[in-house]
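There are 2 protein chains.
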Amino acid sequence: DEFAACGLSAVPSRSIRPPMVGESKANFECVVTQIVDIGHPDNGNALVIGEAVEIHVVASLLDGTRVDQAALRAIGRHVGNGYSRATDLFDITRPP
Amino acid sequence: DEFAACGLSAVPSRSIRPPMVGESKANFECVVTQIVDIGHPDNGNALVIGEAVEIHVVASLLDGTRVDQAALRAIGRHVGNGYSRATDLFDITRPP
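Line by line, the protein sequences give chains S and X.
Note that the working numbering has the first sequence beginning at 3, numbered continuously upward.
Note that the working numbering has the second sequence beginning at 3, numbered continuously upward.
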């Protein structure tokens, strides 16, 4: 039981059978739409494509238009055991 | 000419026709292997899957095993015009 091992709560989803993570600030309920074989046949992988049928975001993260990126405190995935905290936020205005 | 507009140099690739970005610390030469239609037919998109046939990384980024994440100074993509600098790196050891 990965929930118990991590000290997290399983809460019921609205539209799908697998539970959501109660402590998570966002949960996506997804159904599988396609499984695409990628890579070479002898050492390939399967790309699982899903459709989010329900999206849950805690109200405190919503700034009226989008998810507040500073409040979200997102984590970036690097390589191996490496991650980064997305604390150093900035904007680039797109050229016309 | 997007290279000229950005003040970047186009340098020849080894295996494909489109040029590489000379100033980039890494270039991937890719060929398209599949184009997968995703989303609903009336407002969907195409997912273009490529195979990297050549990978170029400057030697100064290689630590002997992997790309040095601190030296890489990666940028994270958020939403709209938002980005983050991956300066706040940390490790999480995977549970057994």
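For every residue, glycine included, the Cβ atom is placed at its ideal position computed from N, Cα and C.
As the structure is a computational prediction, the values presented were derived from the model and not from experiment.
Could you check how far apart the C-beta atoms of residue i and residue j are, in whole angstroms? I think they sit under 8 Å.
| i | j | result |
| --- | --- | --- |
| X:Thr95 | S:Asn83 | 6 Å |
| X:Leu63 | X:Leu74 | 6 Å |
Let me know if residue i comes out buried or exposed under the rule of 16 or more other beta-carbons within 10 Å of its beta-carbon.
| i | result |
| --- | --- |
| X:Gln71 | buried |
| X:Ser86 | buried |
| S:Asn47 | exposed |
In chain order, what residues of the same chain lie with their CB nearer than 6 Å to the CB of residue i, ignoring the 5 residues before and after it?
| i | result |
| --- | --- |
| S:Ile18 | Glu31 |
| S:Phe5 | Ala12 |
| S:Glu53 | Val33, Thr35 |
| S:Leu10 | Val23, Glu25 |
| S:Arg16 | Glu56 |
Looking at residue i: is its Cβ nearer than 8 Å to the Cβ of residue j?
| i | j | result |
| --- | --- | --- |
| S:Thr35 | S:Ile57 | no |
| S:Ala28 | S:Val59 | yes |
| X:Val38 | S:Val33 | no |
| S:Gly41 | X:Gly78 | no |
| S:Val81 | X:Val69 | yes |
Which residues in the same chain have their Cβ closer than 7 Å to the Cβ of residue i, if we skip the five residues on either side of it in sequence?
| i | result |
| --- | --- |
| S:Ala76 | Ala88 |
| S:Pro21 | Ala12, Val13, Pro14, Ser15 |
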